[in-house]
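In my numbering, the protein residues as written are 3 to 81.
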């Protein structure tokens, strides 16, 4: 569990049943996904380094998806 807390520290700021902290963290993850996805979408169009940015975009998407799932689990009190 310590490894997960080091990689995703923000979901563990949520307290069980606290809707305000849950929504704040969820909005942060969604905004990060939108902004980074938009930037990587622009940079992925470059011919040579586009492959690297495509892979980086996929990894960031997975990181944010796990972060959102951890936020939900932390809000429900299962983690």
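Quick reminder that beta carbons are idealized off the backbone N, C-alpha and C, glycines included.
Query                                                                                                                       : Result
Neighbourhood of residue 87 by C-beta distance below 8 Å, restricted to the same chain and skipping five residues each side : Past the boundaries of the shown model lies residue 87; the chain is included only from 3 to 81, so the question cannot be answered.
Secondary structure of residue 81, DSSP reduced to three states                                                             : coil
Bounding residues of the alpha helix (DSSP H) (the contiguous stretch that carries residue 8)                               : 4-9
Endpoints, the alpha helix (DSSP H) within which residue 36 is located                                                      : 21-45
Neighbourhood of residue 46 by C-beta, 7 Å cutoff - its chain only, sequence neighbours within 5 removed                    : 52, 55, 56, 59
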